[in-house]
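Worksheet for the structure shown next.
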Amino acid sequence: ETSGMRIALSNNYAGNSWRQAMLESWQKVTSQAVADGVVAAVDTFTTADQEVPTQAAQIQNLILQGYDAIVINAASPDALNGAVKAACDAGIIVVSFDGVVSEPCAWRVAVDYRQLGQQQLEYLAGRLPECGNLLEIRGLAVTSIDNLIHEGLADGVKTHSNFTIVGEATGNWDQATAQRAVSTVLPSLPEIDAIVTQGGDGYGAAQAFRAAGRDIPIIIMGNRQDELAWWQEQRDANGYETWSGTIAPGISTLAFWVAQQILDGKEVPKDLTVPYLTVTQETLDEAVANTPVGGVANKEYSQDEAIQAIADNL
Amino acid sequence: MTDQTLSASRLNIRNLPVWLWSFLGALLVWVLSFTIAGQGAEGMLVAALSFSVFTVMVGLGQMFVITLGPGNVDLSIPATIGLASAVAMKVMDGQNGLILWGLLAALVCGILIGGFNYLLIRLLRIPPIVATLSSSFIIQSVGISYGRGLQIKPPAALSDFTFSRFLGVPVLAIATIALSIVASVVLHRTIYGRTVLATGQNMRAARFAGLSVERTRLLTYVLSGALAALCGALLAGFSGGSSLSMGREYLLSSIAVVVLGGTSVAGGRANVPGLWGGALFLFMISTLLNTAGFGSGLRDVFTGVIIVAAIAITGTRQPLR
Amino acid sequence: MTTQAVHSGRAQNLASSSRQRLLRGALPAVSLVIVLAAIWYFNPRAISYFGLNLMLNLAIPVALATIAQMCVMATNELDLSIGAFVGFVACVTATYMPQEPLLAVLMLGGGVLVYMLAAVVIHLRNVPSIVVTLGLSFFWAGLAVLIRPIPGGAAPGFLRDLMSFQPPLIPMPVLLAVLIAGTVHLILMRSSYGAVLRGVGGNARAVHRAGWSILKAKVAMFALASVFGILAGMTLVGVSSSADANMATGYTLLSIAGAVIGGAEFVGGRISPIGAVIGALVLQLASSALNFFQVPFLPGGRIPQEWQVGAQGMFLILILAARVLISKAEK
Amino acid sequence: MTAPTGTAIELSGVSRSFGAVRALSDVNLLIAEGQCLGLVGHNGAGKSTLMHVLAGTLRPDQGRIAVGGEQHDRISVHLAQKLGLRCVFQELSLCPNLTVAENTRILHPSIKGLGWRQKAGKLISAMLDRIFPGHDIASDTVVSDLSIGRRQMVEIARAFTVSEGVLRLVILDEPTSSLDATTARQLLEFVREEVRTGVSCILISHMLGEILDYSDQISVMKNGQLVAFGPVAQFTRERLVDLMSGGEHPDRAARERSIRSLADAPVAVRAQEGGQGLPFVARKGEVIGLAGLSGHGQTEFLVRVFEAARARRADVTVAGDVSFVAGDRQADGIFPLWSIANNVAVGSLPALRNGLLLSGSKERELSSRWGRIMGIKAPSLDDEILSLSGGNQQKALFARALSTSSAVVLMDDPMRGVDIGTKLEVYDIIAEQAAGGRTFLWYTTEFEELEYCDRVYVFQNGRIVGELQGQDITEAGVIGSSFKDKDAA
Ligand SMILES: Nc1ncnc2c1ncn2[C@@H]1O[C@H](COP(=O)(O)OP(=O)(O)OP(=O)(O)O)[C@@H](O)[C@H]1O
Ligand SMILES: Nc1ncnc2c1ncn2[C@@H]1O[C@H](COP(=O)(O)OP(=O)(O)OP(=O)(O)O)[C@@H](O)[C@H]1O
Ligand SMILES: [Mg+2]
Ligand SMILES: [Mg+2]
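Read top to bottom, the protein sequences are chains A, B, C and D.
Here the first sequence stands for residues 1 to 314, where the numbers follow the working numbering.
Here the second sequence stands for residues 1001 to 1321, where the numbers follow the working numbering.
Here the third sequence stands for residues 2001 to 2331, where the numbers follow the working numbering.
Here the fourth sequence stands for residues 3001 to 3489, where the numbers follow the working numbering.
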């Protein structure tokens, strides 16, 4: 019974399409939940910058506001631990998703990023049986997500030793940054057969190749609409084939239901892993059709799906 | 006597125009980069030109602002780029026929932002650094609620234009060089430019000399906003769509190219060619470090060391009298 | 008798300009009171021992960083690297301090040396501090990434204890803020060498002509700044219990804004340590407490999510706009 | 006066060049103990440069300096302090952000420890009381709150304070340029008193009367060289002018006052005074003096007129454009990064346009014409303005204002530091231009300059308390008006 309880979302950034989709899904699902009387109130708080201390301060304020649970998309896995611990000490349930926190008292909802990295190599091994030069686009430096995907990719290269990573660029999961970074390394690189990415950066890489006037290799895509639309366009024009795998922004709604279930007294494991969202050549048309222009391919969770996901992880 | 000859030779180095240093730096780093890579000299140069276009564009606006004197700086450039790119893309709606309207809408948006900044600075007497920081927060919010963070694609013609080349040189680069020449003429040969330079040296004296200081300050902030907006619209064309975070890179780099290019942070002295030197230099540094295969940590360390070393070499010892 | 009349007129005028100065000096304090009152109005629970502790413990590192920035501003320079430096210090502290304290201390000492070296370069080569510190910001950020490629580490026990210490009656952050403001006020505003240091910002040539070394003064100020930067990084780790290389990049702008709210100016060596600390507190409260205000006429009674960022901008503007009332009288 | 006793300082063969400019060439100078040396010379003669060498702020290219019998190749700032050489520079050298006491402390490394503030405050207050009895400067005032005249007073008093060691020499580089007549006299009287205790003093001034009345010895400099040296009795005003100018500037007696009747001319400036002040009217072609003790609102009045010409104000009406000659050239006048030519031309930009763009040739033409008229002494007008001597900088500001087409010229004590030869020429230019229909509003702290005015308004406490005309413009008349009993009003 959680109808009297209040839940808050602590978010540290709202400036890109993924975060906007995440917030929109959250808004949609939680306002329905409030209307249905499942919980008393759900409030959303976003900080002005992507700063750890600001978010920590925000969490400390949420403690003062007396929320029953706080759902966090964290700016840092470790540096918020002080604030998260304070929340737990105050008897508040803390659920983190996407950017998860390492404080043991909190719950974590995430995808298996390492697996996501390995999977990219699996796909490429199927496409390029002989061998290949890879360009790796990294995400935001010093984040655990970037690190996990990177390790996954490294594992993949170890398994499929005919691949070599010949270059690396830091794209910060952002198309403009990725375009710029790829442009700086491109002139010095040999023929590239494929680009392994972390999502949000594939389209920028394609733009960089276009600007340099080079043939576009297989670029593993994220789930942004521009990436998918470009892929569809290329497929229609020249039969371009690739694969996409990332975390769906709707994972925020799963975190919400997890928090609600915990408040309800259900047993929930501290670590919840859900499958990442994939788009393949077959599902591309469907994915593009379901994604708003400029938005992100998404999946939102209902309460039942969430209960199922919890059960799967037990 | 030796003292004399020494000071004479120092005089010669001083006679080198300031902006030449940044070009020399860029050249050096470029040579290093393609030597390490063993290839790609031309590709690096073209890439550097293509991206410097945007840095120089916002750098021009920032340069005029910084020249207004100590404390003057426009921190709202990144947010303006983000918002203007969204406005432009939304108005263009992917249709070639609407490109001009989209550019116009972006410009209006930039002009309004510049005017707003000036109002904060003038009417509310807020120091520019904090005024533009505050307004950048507001612009971000406007951007979020206006564009919902969506990434809208540019019309094909705009995108093609930003990629087009003339004799191997990006057309956008040629256009921006022309813009720089105009800016240089405006700076040195118009009353507006003179007023900017005078205000930067001594605002009270500029007023007593009969110059219209306040109108000039307004124009300068508006100019900075407009150039940032133009940059936003073109950048959206170049990188295939608008995004709110697109301008983030330009917060530091717009200031960096201005000061690396020899413009005085204390105001009153500006240098247009130096902007290009500074922009090319910055881009070449990241080319070099990326080519050399450094991880992000080492890359940053070296970037820092190179910038400090470069500026220390070009500096001059000036005795206090 | 006649000269008496003349002089009393002048004295009045002088008194009014020093009254304005006083009023301007009190402005940061007034804005702090206003912010606290607003918070109390919307959430009385927050203005309590527990509440102040939670709301202000993260303001301490900001206040220390602001003081560091102010030290640099006092010499007419600007430090664009303070945020990255605080991040570097945090990484060193969380990574090495608990196990290898000596190494950590050495690295932090190296940080002070680099700051002093920067002052030497800036002065002797006559180059703008903005560029030098811009370069240094990359340097510190890079080192931080090298030290902590992924976030983590642990706060040394003494820092955790310090930051979570609960003295009777007055919350620790309040106590620390007063302590910091008081100490720096003594060093810079009341000591005799402090006057020389500030004089460098006011008129370096005059100080030079009186026989002082401007180089030494600048180096001293930068060294002081680095010491406060180190304290900021250490207290930050004390509060957040582990480190992240990017954790303090925002401190650069925050510290400048805090110093300006506190009454510092970019040229002329006009600074106010007490004001700077209050400015930092105001900023901290503004960035975190603001969004919890209940605004009756808005849907949901709160600032909508997409406007929360903008609301902080408006808030900053409102605080600084209060200056107009005083400046208007002044000009 | 008395014959030289011991030698305090001896300069021999001192030379110094700035690029092509030979500011000092082979100067030999002897400063006797307990005497006041008057140093005169045209603008740019090298007086300040020589003082900088003595104060250690400038290194001579050649030459030796003996202080108290000890030889030095050069004097560092530090050594100068140790030897007891103090200098009040032509450009003010106080830190505006510090209080008067803190500024005093900067000169005295020995004042430290607990209670240093009180010590420094007492020291400076006592000295201010001695030199300028009746001053109103509190030691805890922040210097930026003081008017330029009062800053000058603080700096002078500071130079005479002693906390440890000896005070050997005090250099006063145009100390009276920002002081009104009363304070200037207080200072000079004090200098006489002080030299009697054995301190030496160098007094640089363009007011030859001061030099002749208050020095023991006089040195005349011209183009970087010492052209005459001797006891004061050997010199007269005429001889000094002759020596300085090489006979180029024949000295004239004060101008024969021509009483012009301009009562019918159109009004150029009209200001209504709130309160009990008199109204202000200036007619086309008039030269109006603003008199009174310094710091009584004359500058503020000029600024009000200046602003009224650019934006409508209810209380002041101005017919036509105005231009402004700043007195505080560092704060209100020069653009330090620009050349002399740019600094001159900046006042007339609209007239220098060729279509939309400024014409370089027109700019050069204008600035070289006015550079010549004003006699700015520089190798080239493309040199930096800061390479000019103080007086020459002031001439550039004059050139800026006069080269415009403005109907009204506002002058804020504009002759600070201008040498006598140039002054006379500028007076002529002003008279000529006034005859041509220009109106001049002229605030001056020099009484002699009021004689060039058609009418004079006397200011007190920000209000106009008197109006003098024609033969009534006498020192006594002005002082009488400015001390008109205020309590009675
Ligand atoms: N820093 C400098 N750089 C170049 N030239 C200089 C510099 N300082 C002084 N000069 C030149 O040296 C000469 C002597 O200048 P100085 O200031 O000593 O004159 P002065 O006798 O004090 O004149 P004034 O009465 O106008 O103050 C001038 O021609 C001046 O232009
Ligand atoms: N009406 C007034 N009553 C009292 N004090 C005044 C008045 N007007 C001016 N003052 C004082 O004199 C100071 C200087 O004013 P102002 O600049 O007008 O003087 P000034 O005549 O130009 O003197 P100076 O040339 O020495 O600076 C002001 O800061 C103020 O303190
Ligand atoms: Mg001089
Ligand atoms: Mg004055």
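From the three backbone atoms N, C-alpha and C, an ideal C-beta is built for every residue, glycine too.
Taking buried to mean at least 16 other C-beta atoms within 10 Å of its own C-beta, is CYS131 (chain A) buried or exposed? exposed
Within 8 Å (strictly less), CB to CB, does GLY1274 (chain B) reach chain D? no
Secondary structure of PHE3335 (chain D), DSSP reduced to three states: coil
Can you name the residues of chain A whose CB is closer than 9 Å to the CB of ARG2190 (chain C)? Chain A residues near ARG2190 (chain C): none, gap ~31 Å exceeds 9 Å.
Name, in chain order, the residues that DSSP records as bridge partners for GLY3462 (chain D). According to DSSP, GLY3462 (chain D) bridges with nothing at all.
Whose C-alpha, out of C:LEU2318, C:PHE2293, C:LEU2022, is nearest the C-alpha of TYR2041 (chain C)? C:PHE2293
Can you find a C-beta in chain A that's less than 8 Å from the C-beta of LEU2054 (chain C)? yes
So LEU1282 (chain B) packs on VAL1257 (chain B), CB below 8 Å; how close in whole Å? 6 Å
For a test of the three-state rule: what should DSSP assign to ARG2302 (chain C), helix, strand or coil? coil
For a test of your reading of the model: does the CB of LEU2236 (chain C) fall under 7 Å from any non-hydrogen atom of ligand 1? Yes or no. no
What residue range does the beta strand (DSSP E) around THR273 (chain A) cover? 271 to 274
Is ASP3321 (chain D) near ligand 1, with its Cβ less than 7 Å from a heavy atom? no
By alpha-carbon positions, which one of A:TYR113, A:GLU103, A:ALA297, A:ALA8 ends up nearest to SER17 (chain A)? A:ALA297
Within 8 Å, strictly: CB atoms of SER1022 (chain B) and LEU1260 (chain B): yes
Compute the minimum distance between the beta carbon of SER3389 (chain D) and the heavy atoms of ligand 3, and state whether it is under 7 Å. yes
Is it buried or exposed, ARG3369 (chain D), if we count other Cβ atoms within 10 angstroms and call 16 or more buried? exposed
Let me know the secondary structure DSSP gives GLY3230 (chain D) once reduced to three states. strand
For VAL3199 (chain D), collect the residues of the same chain with a Cβ closer than 6 Å to its Cβ; drop the 5 residues on either side in sequence, then sort them by chain order. LEU3167
For GLU1042 (chain B), the three-state DSSP class (helix, strand or coil): helix
ALA2195 (chain C) vs GLU3102 (chain D) beta-carbon contact at 8 Å: yes
Which class does GLY3013 (chain D) belong to by DSSP, given the choice of helix, strand or coil? strand
Below-8 Å beta-carbon distance, LEU277 (chain A) vs any chain B residue: no
Residues near GLY2279 (chain C) by beta carbon distance below 6 Å, same chain, minus five either side: PRO2028, GLY2258, ILE2261, GLY2262
Look at the Cβ atom of GLN55 (chain A), then the Cβ atom of ASN12 (chain A), and state whether they are nearer than 8 Å. yes
To the nearest angstrom, how far is it from the Cα of LEU2188 (chain C) to the Cα of MET2221 (chain C)? 10 Å
Can you list the residues of chain D that ALA2206 (chain C) reaches, using a CB-CB cut of under 7 Å? SER3093, LEU3094, CYS3095
Proximity to VAL1053 (chain B) [Cα-Cα], best of B:ALA1309, B:LEU1235, B:LEU1251, B:ASP1300: B:LEU1235
Residues that DSSP places opposite ASN133 (chain A) in a beta bridge: A:THR164
Rounded C-alpha distance that separates HIS150 (chain A) from ARG114 (chain A): 8 Å
Starting from ASN1327 (chain B), find everything on chain D with Cβ-Cβ shorter than 9 Å and list it in chain order. Shown here, chain B extends from 1001 to 1321; a query on residue 1327 (chain B) therefore has no answer.
Helix, strand or coil for LEU1280 (chain B) per DSSP? helix
For ILE3111 (chain D), which of D:ALA3271, D:ALA3331, D:GLY3165, D:LEU3293 has the nearest alpha-carbon? D:GLY3165
Can you determine whether any heavy atom of ligand 6 sits closer than 7 Å to the C-beta of THR2249 (chain C), and answer yes or no? Summarising the ligand content, the structure contains ligand 1, ligand 2, ligand 3 and ligand 4 and does not contain ligand 6.
Anticipated Cβ contact below 8 Å, GLY1143 (chain B) with LEU1083 (chain B), distance rounded: 4 Å
Expressed to the nearest angstrom, what Euclidean distance is found between the alpha-carbon atoms of TYR301 (chain A) and THR1055 (chain B)? 43 Å
Does DSSP put VAL109 (chain A) in a helix, in a strand, or in coil? strand
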